[in-house]
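Working notes for the structure below.
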Amino acid sequence: METVRSAVDSITQTVFPGIQISGKVRTRSYIKSGGEVKSSLPLQMALYFNVYFSPVWFLTHICTLNVKYAVLSQLYKIVLVTVMVVVVIVEIPRLYLGYIGNLTEKVPELAGFWLLTLLLQFPLHALLLFNENTIILPLERAVDILMMTFIVFEIIAGYFAIKVIAHQQMTRFHQQMQHLEEFSLVDNQ
Amino acid sequence: MTRLEYNSLIPSRFLIVSSHLLVLLTVFWSREENIKACLELSYSDENYKRKDTEFLVGVSLALIFLLTEIIGFFGGMSTYCQSQALFSIVTHSLGTIAMSYFIADSWDCDLFWWIFCFSSVMPGITEIVIIMQVLGMNKYT
Chain U
94 METVRSAVDS ITQTVFPGIQ ISGKVRTRSY IKSGGEVKSS LPLQMALYFN
144 VYFSPVWFLT HICTLNVKYA VLSQLYKIVL VTVMVVVVIV EIPRLYLGYI
194 GNLTEKVPEL AGFWLLTLLL QFPLHALLLF NENTIILPLE RAVDILMMTF
244 IVFEIIAGYF AIKVIAHQQM TRFHQQMQHL EEFSLVDNQ
Chain L
14 MTRLEYNSLI PSRFLIVSSH LLVLLTVFWS REENIKACLE LSYSDENYKR
64 KDTEFLVGVS LALIFLLTEI IGFFGGMSTY CQSQALFSIV THSLGTIAMS
114 YFIADSWDCD LFWWIFCFSS VMPGITEIVI IMQVLGMNKY T
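Just so you know, the protein sequences line up as chains U and L, in that order. Each residue of the first sequence is one higher than the last, beginning at 94 in the working numbering. Each residue of the second sequence is one higher than the last, beginning at 14 in the working numbering.
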């Protein structure tokens, strides 16, 4: 049973970074989890410039889709229109959740932003960038490379941001529990 | 200009530098017409390859200068330097317009070196000066 428990523990640790179920908290991080602001600057910069770049990306893709629509095959006509609509619908809440999660250090919003980026935007943009059947024009290639750079950077920076913020909130919670135990307000058998 | 005012130079500089990057990448992949425009009507294969290599070298150098400018801008070294932002906005916007005409009107590929000189080298060199100032002498702005 011990190995099953430790296996589940390590899987949870990997999927939801920052959570430590078995309570192995290091002592010196008690001191560090005070009033330090743990918002991630690289993630915030990436989100800021992404907000300004997304309309450019969208307008470029609308124009190039208009140019090549007549010569696309039937399947890719439907696929590309669907991809455009889904990307626009997902992008706006994704960037909003990223801003709110990072600036107010809220883990659920950040986790939502990270999952939207990793599971929706990354495959859709990979489809647009690497699938030659969609007749990739040179301008589209350029614009997709820049957008993909933003998304990959946000995935990496977002992972570390969630880890740091979740760890800080967890040590703060443990600290509060310790203080309550000292004053015997919590019954600890 | 006080510090509390909204600094609109940063997003404008980013958008114009990225537009220049996009046009350079576009011309990187659609350079055939331009190279044919600077050869004589009956060109040989080695002539084409020679001009192609020259042009590729030019575009790659322009991309390298642009990369140093992006490193200086996103690395925080010249992000708040207003004179560099203004200079970079002016030169890169002129470069973007010239390169767009270059692609659309199939200009001679030798004309690229003029565009390269005025809109890639100049902001790149001032950016390198600022990076050296910040890293070497710890002098911000």
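All C-beta atoms, glycine included, are put in the ideal place defined by N, C-alpha and C. Quick caveat, the model's predicted, so the values are computed rather than measured.
- For threonine 39/L, the nearest beta carbon of chain U is closer than 8 Å to its own beta carbon.
- In this structure, the alpha-carbon of asparagine 195/U lies about 37 Å from that of serine 73/L.
- Distance from isoleucine 29/L to isoleucine 102/L at the Cβ level is roughly 5 Å; contact confirmed, criterion being Cβ atoms closer than 8 Å.
- Against chain L, the beta carbon of leucine 239/U has neighbours under 8 Å at Ser31, Leu34 and Leu35, listed in chain order.
- Under the three-state reduction of DSSP output, tyrosine 189/U falls in the helix class.
- Straight through space, the alpha carbons of methionine 270/U and glycine 137/L are spaced by roughly 55 Å.
- For valine 101/U, the three-state secondary structure derived from DSSP is helix.
- Residue Leu190/U holds the alpha-carbon nearest to the alpha-carbon of glutamate 202/U among Leu209/U, Thr210/U, Leu190/U and Leu213/U.
- Under the three-pair Cβ rule at 8 Å, the region 42-52 of chain L counts as touching the region 119-132 of chain L.
- A contact between stretches requires three or more CB pairs, one per stretch, nearer than 8 Å, and the region 32-47 of chain L meets this requirement with the region 99-117 of chain L.
- In this structure, threonine 157/U keeps its C-beta atom at 8 Å or more from the C-beta atom of leucine 212/U.
- Annotation for valine 144/U: Leu188 place their beta carbon closer than 7 Å to its own, counting only its chain and skipping 5 residues before and after.
- From the listed residues Ile244/U, Asn159/U, Val178/U and Lys161/U, the smallest Cα separation to leucine 208/U is found for Ile244/U.
- Here the alpha carbon of methionine 241/U sits roughly 19 Å from the alpha carbon of phenylalanine 86/L.
- In the structure shown, serine 32/L adopts helical secondary structure according to DSSP, grouped into three states.
- Residues of the region 244-265 of chain U whose Cβ lies closer than 8 Å to any Cβ of chain L: none.
- Against tryptophan 42/L, the close residues of chain U are Pro231 and Arg234, in the order they occur along the chain (beta-carbon pairs closer than 7 Å).
- According to the DSSP assignment, threonine 227/U belongs to no alpha helix (DSSP H), since it is labelled neither H nor E.
- Methionine 112/L counts as buried, since no fewer than 16 other beta carbons sit within 10 angstroms of its beta carbon.
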